[in-house]
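Asker: Note that the sequence shown covers residues 1 to 795 in the UniProt record's numbering.
Pasting a structure here, questions to come.
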Amino acid sequence: MKANLFPTYNNSFLVYNEAKRNLNESDLMILIMNSKSETISTDKENKLPEIVFISSYPPRECGIATYTQDLKNAIQEKFGNSFSLKICALETTEADYEYPKEVKYRINTQLEAHFTALSTKINADKNIAMVFLQHEFGLFGGIYGNYLLKFMKHLKRPIATTFHSVLPNPDQKLKKVVRKIADYSNFLVVMTSISKSILIRDYGIAERKIIVISHGTHLVASFDDLQYKIKNLFSDRIVLTTFGLLNQGKSIETALEALPQIIKKFPNVIYLIIGKTHPEVLKWEGEKYRNFLYEKVQELHLENNVRFINKYLSLEELMDYLQRTKIYLFTSKDPNQAVSGTLAYAMACGCPVIATPIPHAKEFLNGAGVNYDFQNANQLAQKTIELLNNPKLLKEMRLNALHKISPTSWQNSAIAHIDLVKNNSNKLKIELQYEIPEISLNHIKRMTTEDGLIQFSAIATPNIQSGYTLDDNARALIAVTKHYQLTNEETDLELIDIYLKFILLCQQENGSFLNYVDKDGNFTPNNSNENLEDANGRAIWALGEFISLQEIIPNNLIRKAKFSIEKALINIHKFRSPRAVSFAIKGLYFYNLDTQSPRINYIITSLADNLVSKYRGISDKKWKWFEDYLTYANSILPEAMLFAGLSTGSELYKNIAKTSFDFLLDLTFKEDQIKVISNQGWYQKGKKVNQYGEQPIDVAYTILALHTFYQVYEEEAYKEKMKIAFDWFLGKNHLRQIVYNPKTGGCYDGLEENHINLNQGAESTISYLLSRLALEKVMNTAKVMGYHEEVFQNK
């Protein structure tokens, strides 16, 4: 994949010239065009609903081609089992490209007849659910590209048109063409709110028809681990960067003219100009503009401070250069450039940006950069110097850039586009399936030191100052042990050893556990100020599950865990918190799988009776619960009752388990989506349910409980809800955004009303991993772990 192909598709100077050539040469094109430029193929066996993208496409070198390929790949990765994705490649007469297999159609944009033929072909395919048309002036033949209108007029399939440029103050001809496109489209997609406003104000298009889906961006794996040679390159320099296909509209000379002032203050600045010359420019002007820039560098004596990287970079190489960049310089001189892929990618890499005030920059840079006037080198120099003199502000801008741009990831863009398909394909039955990511321990390993799993992170960077908790390391022990059971990866044993040691460190002489440890290994005052019952219960759960997998774990570790859990049993009768009691029951169930000890069963019975007493005291015909409110980790209560029933054979325990769990599921599953109890305000009996404030840990506990109930009762509804709940991590939530980051392997810390907490802490990441491993078991077999209920019926 080539990455630096974005800057010029919204450049109105190039657009105007190309459009003018299209108009002047269209008659000639009809005479010389060879009909073999259109290739039609049909896959009759493909029964998946089909999406067709009409766009330029790689290996053609232009921004829209790259955009479409990235969008297509994102949809493939998110919903590959739901749709078949095909391309109609837009070509000119000179084109002779070797396209990849997804290109189903090819049309010459200079031949008006080809557009009519294309609509006929698409109309004949009843399996096509949606056409995504990528629109830019200059891509299509005719006046303002009006050849396209014949295709759209005859098309009988839903179509969403993405405007990559929205020109304000149109003349009557332009206005007429754009309004016709709007009339023929089911939806218009624009990339900024400013573009939406222009369509409403200047073109009179109805607001309800316009959807804003921001330019997609690639997720970045880690801001600490730079790859390739760039990690050692320019390590002693202050890097300023501009990238993209070179053309006069980029106004790189403005940055060059600003450099002498910047270098006086910061002599070690180096300015990277990354990218080849735009192929259309190269075709008509050669390297005239690049040579002009070379001369400008020599004229200003900037040879030691400027580097031209005249090649196409892989996406990974580009991301590395941008992560090394101190400030990204966006210098376009076109005020009508609606959006810039280069700007979006720079922000996605955490670059503070100094940009000319194009609509995209004005809308996105608030707090993440600053604007300067078009072609004003003095202003650019001053603002660059001001930022370089303020490292604290640069750091704030870096974080603001990441928070601003995160909703625009290609994964989220894919979800937004597929929502359009799902909502406008009444004739086709679409079963939307989110693709399940591969299991990854990358972020967990990044968060783990030789002492334990660090509690918090800033975005994906571990925050060692936050220290460690028993809660996180206990859950990590369970998760990584299950991962080891699945994969038999030897490196897991190193992590297991670390987490077990941490649990043992937290255990006191009296058998109880402390929860909070600072970065230096000291217990913190929080241990005295908080109720630690739940943490103690989680420790017993972790030790019990760990011991149940003793066949695959070294004996010396199992011996330590058994000694610890036996020591902890001394205090278990003191538990008052129903969640602490429930975690303990779950741990003791697993601990007793091998020995079937009457003593352990007696303890389980005692703890379960505690929950029964609470349930009988609170529940009624409408409220089937143990308390008169619902808070956090609710699913563990009915799950614990079920484990108690399995261990003791008590039908009472099982009935309460199933009744209370089904009550909880009715509250948290609405409209084919999970909405766990909000941490913004617990749900009180008889009151209204609070919205938002959803945390991964509660989704995970629900999935684990669903897994348990599914294994016992084999009801498909539990299995289906497992997948629905897991899809919450993948974007099936009220924000329609991913909560799990597949690039880092981390999980975001929470889903709020209007945004996602991008920090990827230990609790959230382990919660996702536990959920993913539970789903893996269900996918591999309907019943991996036998409960053998009769074994536990102690007579």
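All C-beta atoms in this analysis are idealised placements derived from N, C-alpha and C, irrespective of residue type, glycine included.
From a predicted model like this one, the values you see are computed outputs, not experimental measurements.
#1: Measure the alpha-carbon distance for D451 versus F563 and round it to whole angstroms.
#2: Taking 8 Å as the cut-off, does the region 657–674 touch the region 584–601 (at least 3 CB pairs, one atom from each stretch)?
#3: For the alpha helix (DSSP H) that V778 lies in, which residues bound it at each end?
#4: Helix, strand or coil: how does DSSP classify D43 here?
#5: Please state the DSSP three-state secondary structure of L630.
#6: Is it the case that the Cβ atoms of I565 and I585 are separated by a distance below 8 Å?
#7: Given this structure, state the Cα-to-Cα distance separating K296 from L394, to the nearest angstrom.
#8: Go to K86, then tell me how far its beta strand (DSSP E) extends in each direction, as first and last residue.
#9: Span of the beta strand (DSSP E) holding V239?
#10: How many angstroms separate the CA atom of F386 from the CA atom of L245?
#11: Under 8 Å between the Cβ atoms of L90 and I51?
#12: May I ask you to list the residues that DSSP assigns as paired with R307?
#13: Return the bridge partner residues of V220 from the DSSP annotation.
#14: Can you find a heavy atom of the ligand MG that lies under 7 Å from the Cβ of H755?
#15: Would you call the CB atoms of residue 796 and Y710 closer than 8 Å?
#16: DSSP three-state call for Q248: helix, strand or coil?
#17: Are the Cβ atoms of P437 and P742 separated by less than 8 Å?
#18: Could you tell me which residues DSSP pairs with S660 in its beta bridges?
#19: Secondary structure at Y97, three-state DSSP: helix, strand or coil?
#20: At the level of alpha carbons, what is the spacing between L735 and P49?
#21: What residues match up with R106 in a beta bridge as DSSP calls it?
#22: Whole alpha helix (DSSP H) runs in the region 360–428 with 4 or more residues, listed along the chain?
#23: By how many angstroms is the C-alpha of L71 removed from the C-alpha of residue 796?
#24: Which runs of the beta strand (DSSP E) fall wholly inside the region 422–484 and span at least 3 residues, in chain order?
#25: Mind checking which residues open and close the beta strand (DSSP E) that includes H154?
#26: What are the complete beta strand (DSSP E) segments, minimum 3 residues, inside the region 143–201?
#27: For E533, which of helix, strand or coil comes out of DSSP?
#28: Helix or strand or just coil, what does DSSP make of C506?
#29: Do S409 and I107 count as a contact pair if the criterion is CB distance below 8 Å?
#30: Determine, using beta-carbon pairs with one atom in the region 455–462 and one in the region 505–515, whether at least three such pairs fall under 8 Å.
#31: Quick one, which of Y683, T659, W623 has its alpha-carbon nearest K633's?
#32: Can you check which of these residues, Y602, Y294, K723, Y312, is closest to V306 by C-alpha distance?
#33: Which first and last residues belong to the alpha helix (DSSP H) in which I618 is found?
#34: Spatial neighbours of K685 within its chain, please: CB distance less than 7 Å, with the 5 preceding and 5 following residues excluded, ordered by chain position.
#35: Should residue 818 be labelled buried (16 or more other beta-carbon atoms within 10 Å of its own) or exposed?
Answerer: Let me lay it out:
#1: Between D451 and F563, the alpha-carbon positions lie close to 21 Å from each other.
#2: These segments do not touch.
#3: Residues 762–780.
#4: Confidence in D43 is poor, its pLDDT being 43 and thus under 50, which makes the residue's placement too unreliable to answer from.
#5: In the structure shown, L630 sits in a strand (DSSP, three-state: E or B).
#6: It is not a contact, given that the beta carbons lie outside the stated cut-off.
#7: Rounded to the nearest angstrom, the two C-alpha atoms are 29 Å apart.
#8: Looking at the DSSP string, the run of the beta strand (DSSP E) that includes K86 is 84–91.
#9: First-last of the beta strand (DSSP E) with V239: 238–243.
#10: Rather than Phe, the amino acid found at residue 386 in this sequence is Glu. Their Cα atoms are separated by approximately 28 Å.
#11: For L90 and I51, no; Cβs fall outside 8 Å.
#12: Answer is L272, bridged to R307.
#13: Per DSSP, V220 has no beta bridge partner at all.
#14: Among the ligands in the structure shown, none appear at all, so the ligand MG cannot be discussed.
#15: In this structure the chain extends from 1 to 795, so residue 796 is not present and cannot be described.
#16: Here Q248 sits in helix by DSSP.
#17: Yes, these two residues count as a Cβ contact at 8 Å.
#18: Paired residues: none, contrary to the question.
#19: Coil, per DSSP.
#20: Looking at the two C-alpha atoms, the distance is approximately 25 Å.
#21: According to DSSP, residue pairing for R106 in a beta bridge involves A89.
#22: Counting only runs of 4 or more, we get 377–388, 391–405, 410–422.
#23: Past the edges of the chain, shown from 1 to 795, lies residue 796, and the structure says nothing about it.
#24: Entirely contained in the region 422–484, the beta strand (DSSP E) runs reaching 3 residues are, in chain order, 454–458, 461–469.
#25: Taken as a continuous stretch (DSSP letters only), H154 belongs to no beta strand (DSSP E), being part of the alpha helix (DSSP H) at 148–154.
#26: If we require 3 residues or more, the beta strand (DSSP E) runs fully inside the region 143–201 come out as 159–163, 187–190.
#27: In this structure, E533 counts as helix in the three-state DSSP scheme.
#28: Here DSSP, grouped into helix, strand and coil, assigns C506 to helix.
#29: In this structure, I107 keeps its C-beta atom at 8 Å or more from the C-beta atom of S409.
#30: Per the Cβ contact rule, the region 455–462 is not in contact with the region 505–515 (fewer than 3 Cβ pairs under 8 Å).
#31: According to the sequence shown, residue 633 is Ala rather than Lys. It is Y683 whose Cα lies nearest to the Cα of A633.
#32: Considering only alpha carbons, the answer is Y294.
#33: Unbroken alpha helix (DSSP H) run through I618: 598–618.
#34: Result list for K685: W623, D628, Y629, in chain order.
#35: No answer is possible for residue 818: it lies beyond the span of the chain, which begins at 1 and ends at 795.
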